[in-house]
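Quick note, my numbering runs 135 ahead of the 1-based positions in the sequence shown.
We treat Cβ as the ideally placed atom computed from N, Cα and C, and that holds for glycine.
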Amino acid sequence: MTELIDNDILLKGSCYGLLHDLMAANCQSMPVGYLAVAKFVVGKKLKKMKLRGELAQAVSVFNTFLSSHEAIEPTSEEAALASELEATAQAQALPLDTGESQLLAILATRGATALFTGDKRAIMATERLLDCVPILAAVVGKMKCLEQLLKQMLEGNALDAIRGIICGEPDVDRALTIFFQCFSSCVQLEDTLAALDSYINDLRRSSPKALFT
Numbered sequence: 136m137t138e139l140i141d142n143d144i145l146l147k148g149s150c151y152g153l154l155h156d157l158m159a160a161n162c163q164s165m166p167v168g169y170l171a172v173a174k175f176v177v178g179k180k181l182k183k184m185k186l187r188g189e190l191a192q193a194v195s196v197f198n199t200f201l202s203s204h205e206a207i208e209p210t211s212e213e214a215a216l217a218s219e220l221e222a223t224a225q226a227q228a229l230p231l232d233t234g235e236s237q238l239l240a241i242l243a244t245r246g247a248t249a250l251f252t253g254d255k256r257a258i259m260a261t262e263r264l265l266d267c268v269p270i271l272a273a274v275v276g277k278m279k280c281l282e283q284l285l286k287q288m289l290e291g292n293a294l295d296a297i298r299g300i301i302c303g304e305p306d307v308d309r310a311l312t313i314f315f316q317c318f319s320s321c322v323q324l325e326d327t328l329a330a331l332d333s334y335i336n337d338l339r340r341s342s343p344k345a346l347f348t
């Protein structure tokens with residue numbers, strides 16, 4: 136296991152049917168690590184999603200992914216570190232939920248190379264926490280957002296196929312429907328990459344150390 140994936144990307148990737156392709160385009164090696172509780176937490180959310188396509192297909196993508204990758208549990212030490220991160224974040228009014236704090240603790244202690252996260256706020260919170268939790272020095276440059284994953288995937292694939300998938304489920308991620316110009320009839324790859332770059336660069340300005348480079 137060299138990379139970790141959070142619940143948000145598990146959910147959205149399943150809805151789009153792109154989980155495997157996203158990982159194949161971005162991972163150094165397989166399998167990817169995910170929190171064991173995702174089976175229940177994400178599984179419950181997924182079944183409540185109002186998709187335009189077949190929900191059963193999204194559930195199948197999710198279950199197939201879980202069976203092909205590595206469910207991980209935080210150790211007692213990692214759980215304690217996660218609690219420390221949450222408490223420190225709360226004291227500074229920073230948004231950091233339990234799942235993200237556990238993944239950060241695992242990222243910091245197990246030598247994983249990246250955390251794929253769909254939670255922009257968690258990346259920004261981590262940037263602030265770097266200054267007050269010394270062990271987080273191990274996560275510098277290792278948090279990769281969904282837009283970075285998609286950009287990497289686009290560089291090796293035709294735009295039309297991926298855009299068709301994103302635009303086919305416009306309610307899954309409204310920002311992505313804007314980046315992929317889902318309401319335009321003619322879209323160029325360069326325009327989509329520029330839109331993704333704009334978002335990534337904006338996030339990098341607020342999280343220059345935490346964000347994947």
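Looking at residue i: is its Cβ nearer than 9 Å to the Cβ of residue j?
{"i": "Thr244", "j": "Ile207", "result": "no"}
{"i": "Phe314", "j": "Asp141", "result": "no"}
{"i": "Asp308", "j": "Ile301", "result": "yes"}
{"i": "Ser236", "j": "Ala224", "result": "yes"}
{"i": "Leu346", "j": "Gly276", "result": "yes"}
{"i": "Leu181", "j": "Ser202", "result": "no"}
{"i": "Glu102", "j": "Leu186", "result": "Not covered by the structure: residue 102. The range shown for the chain is 136 to 348."}
{"i": "Ala160", "j": "Met259", "result": "no"}
{"i": "Leu139", "j": "Ala293", "result": "no"}
Hey, residue i and residue j are a contact pair by Cβ (cut 8 Å); roughly how many whole angstroms apart?
{"i": "Leu328", "j": "Lys279", "result": "Not quite, the Cβ-Cβ distance comes to about 16 Å (not below 8 Å), so this is no contact."}
{"i": "Thr152", "j": "Val196", "result": "The amino acid at residue 152 is misidentified as Thr; the sequence shows Gly. Their Cβ separation, rounded to whole angstroms, is 5 Å, which keeps Gly152 and Val196 in contact under 8 Å."}
{"i": "Pro230", "j": "Glu205", "result": "Rounded, the Cβ-Cβ distance is 27 Å, inconsistent with contact."}
{"i": "Gly253", "j": "Asp143", "result": "3 Å"}
{"i": "Pro209", "j": "Ala217", "result": "6 Å"}
{"i": "Leu146", "j": "Val177", "result": "5 Å"}
{"i": "Leu154", "j": "Phe200", "result": "5 Å"}
{"i": "Asp326", "j": "Gln316", "result": "7 Å"}
Report whether the distance from the Cβ of residue i to the nearest heavy atom of the ligand HEM is below 8 Å.
{"i": "Leu285", "result": "As for the ligand HEM, it is missing from this structure, which has no ligand bound."}
Going by CA-CA distance only, name the one from the options that's closest to residue i.
{"i": "Ala171", "options": "Leu181, Gln192, Gly234, Gln227", "result": "Gly234"}
{"i": "Ala215", "options": "Ala191, Ile241, Lys180", "result": "Ile241"}
{"i": "Arg339", "options": "Ser218, Glu262, Ala249, Cys321", "result": "Glu262"}
{"i": "Leu239", "options": "Ala257, Lys344, Ile335", "result": "Ala257"}
{"i": "Ala296", "options": "Ile335, Thr199, Ala272, Gln323", "result": "Gln323"}
{"i": "Thr137", "options": "Gly246, Leu289, Ala159", "result": "Gly246"}
{"i": "Phe175", "options": "Gly188, Asn198, Gln163", "result": "Asn198"}
{"i": "Lys255", "options": "Val274, Leu281, Leu265", "result": "Leu281"}
*Ignoring anything shorter than 3 residues or poking outside the region 241 to 309, list the beta strand (DSSP E) runs there in chain order.*
Runs of beta strand (DSSP E) with 3 or more residues, each lying fully within the region 241 to 309, are found at 249 to 252, 278 to 280, listed in chain order.
*asked:* I'd like the ranges of any beta strand (DSSP E) spanning at least 3 consecutive residues and lying wholly in the region 164 to 236.
replied: Taking only runs of at least 3 residues, the beta strand (DSSP E) segments lying wholly in the region 164 to 236 are 168 to 170, 205 to 207.
*Considering only residues of the region 313 to 345, which uninterrupted alpha helix (DSSP H) runs meet the minimum length of 4 residues and lie entirely inside it, listed in chain order?*
Along the region 313 to 345, the alpha helix (DSSP H) occurs as fully enclosed runs of 4 or more residues at 324 to 341, listed in sequence order.
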